[in-house]
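The number in the working numbering is simply the position in the sequence shown, starting from 1, with 538 added.
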Amino acid sequence: MKFKRKTLPNDLTILTVPTPSFESATAMVMVGAGSRFETRKNNGISHFLEHMAFKGTKSRPTFMEIAGLIDGIGGEFNAFTSKEYTGYYIKAGKNNIEICLNLLSDMLKNSLLDEKEIEKEKGVIIEEINLYEDTPMRNIGDIFERLLYGDTPMGWDTAGEKDVIRSLKRADFVNYMDNLYSPSNMTVVFAGGIDEDSSVSLADKYFSDMKKYKVITAKPVKEDQKKPEVRLKTKKTEQTHLILGLRAFDMYDADRFALAVLAAVLGQGMSSRLFHRLRDDLGMAYYVRTFTDLSTDCGVMGVTAGVTLSRTGEAVGEIIAELRRARDELVPPAELKKAKDFKIGTMFLNLESSDSLGEFYGFTELFRQEPLSPNDVARHIRAVSAADVRRVARRIFSDANLNLALVGPLTDSRQLKKLLHF
539 MKFKRKTLPN DLTILTVPTP SFESATAMVM VGAGSRFETR KNNGISHFLE
589 HMAFKGTKSR PTFMEIAGLI DGIGGEFNAF TSKEYTGYYI KAGKNNIEIC
639 LNLLSDMLKN SLLDEKEIEK EKGVIIEEIN LYEDTPMRNI GDIFERLLYG
689 DTPMGWDTAG EKDVIRSLKR ADFVNYMDNL YSPSNMTVVF AGGIDEDSSV
739 SLADKYFSDM KKYKVITAKP VKEDQKKPEV RLKTKKTEQT HLILGLRAFD
789 MYDADRFALA VLAAVLGQGM SSRLFHRLRD DLGMAYYVRT FTDLSTDCGV
839 MGVTAGVTLS RTGEAVGEII AELRRARDEL VPPAELKKAK DFKIGTMFLN
889 LESSDSLGEF YGFTELFRQE PLSPNDVARH IRAVSAADVR RVARRIFSDA
939 NLNLALVGPL TDSRQLKKLL HF
């Protein structure tokens, strides 16, 4: 897949990722704005703003006008918020790409941010928070982040705190956008069945009037953990949901490809070590998987699972045993090849839609990473050796990096903490 980059005079970056075989096309805007840029007084505003973008503009003052326009071309629209970025996209047939970009630019430049709509949407956001709190499989991630990063923006829930959400006013949204929504902090991506030249012209037409300014920066993460830590949320559930994770490194580290392969070996796919051990051999879990989450100045690799209540300690011990094995032993050639093929195969499967393709390239550009195509990523993964995997495991698998977060009807985590050692 080939892509091209162009920068407008206002420092807005435009990426074009033409895929002639696609009948769909996506226009996407990614902004370097997420919950780690928030304060105690506006925690949750990044995510809230994502909701408000679709609530009306000066020329399309209601949600129904926006939704009706998108429905009228058989399109779909959505947005997503993380700790470090927010994305907005509209996907439709390739002949409707100008409608998509016209609407996106209108939402980002001319959002009404109507006080009445803000008040109504507060109820929606609070119910979304309630949903997450009632879904331990989802909530465990928030508990784990609080364990890692404490009472800091990186440790706060992206959805925000209910009391803060109730307090937000229109001026808070305007101020937030004025701090971060500069064209110099944005990337417009066209992906799918698009024409490169006309796409660039469209971006120029709809975004060149935006004025750039200096944006705020996030406070760096400070990590000084010296021993294993545990965070427990006592809640009536039918199983224990847990994340056992280890501090790793940032998204720019050369070892990120080896870490991805290590994660696949341990717990990605139904033939991975932890899935096989906890589910197939021991019958103590329905879901178990390994993930990585690398940010601009920190990162983590974790194992998440829902396990039988009475076997929580056993599950923690089994996970650590598999981590220890990966640290001490080389992955056999056949298993290594399977893990690398899994990572490459799932990557390409996930990119078989224009919106996923847009996010892949937009993320890379927004964070000024080495401009890698999917084929480049596949090449790096194939180059990972068994020695690389073991070296990365040895690099991060230490007692001082171990963290365990749990949700369940548990009241005492002291016995579990004793299991946290290599």
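Every residue, glycine too, gets a C-beta built ideally from N, C-alpha and C.
Proximity below 8 Å, CB of residue i to CB of residue j
i, j, result
"L944", "L770", "yes"
"A591", "L553", "no"
"L780", "L940", "no"
"M789", "S833", "yes"
"P909", "D835", "no"
"L954", "V768", "yes"
"L889", "P912", "yes"
"L639", "Y719", "no"
"I857", "L958", "no"
"R794", "V803", "no"
"F575", "A756", "yes"
Same chain, Cβ closer than 8 Å to residue i, neighbours up to 5 away in sequence not counted
i, result
"N634", "A563, I611 and G613"
"R578", "V702"
"L650", "K593, G594, T595, K596 and P599"
Under the three-state DSSP convention, the category residue i falls into
i, result
"N717", "helix"
"Y623", "coil"
"S573", "helix"
"F592", "coil"
"T1008", "The structure shown has nothing for residue 1008, since the chain only spans 539 to 960."
"K700", "helix"
"V922", "coil"
"K881", "helix"
"N941", "strand"
"K660", "helix"
"A796", "helix"
"V854", "helix"
"R968", "The displayed coordinates of the chain run from 539 to 960. Any statement about residue 968 would go beyond what the structure contains."
"L812", "helix"
Bridge partners - residue i, DSSP secondary structure assignment
i, result
"I628", "A565 and F615"
"D831", "V838"
"K956", "Looking at the DSSP assignment, K956 forms no beta bridge with any residue, so it has no partner."
"L651", "In the DSSP output, where bridge partners are listed per residue, L651 has none listed."
"K707", "According to DSSP, which records beta bridges pairwise, K707 is partnered with nothing at all."
"A843", "L780 and V826"
"L770", "L944"
Chain-order list of residues whose beta-carbon lies under 6 Å from that of residue i (same chain, five-residue window excluded)
i, result
"Y627", "T564, M566 and D893"
"K596", "N648"
"R932", "R865"
"N548", "P721, M748 and K750"
"G946", "T775 and T778"
Own chain residues within Cβ distance below 7 Å of residue i, not counting five before or after
i, result
"D739", "Per the sequence shown, residue 739 should be read as Ser rather than Asp. Hits under 7 Å: none found."
"E734", "K542, T554 and P556"
Going along the chain, which unbroken runs of the beta strand (DSSP E) with 3 or more residues stay wholly within the stretch 712-762?
724-730
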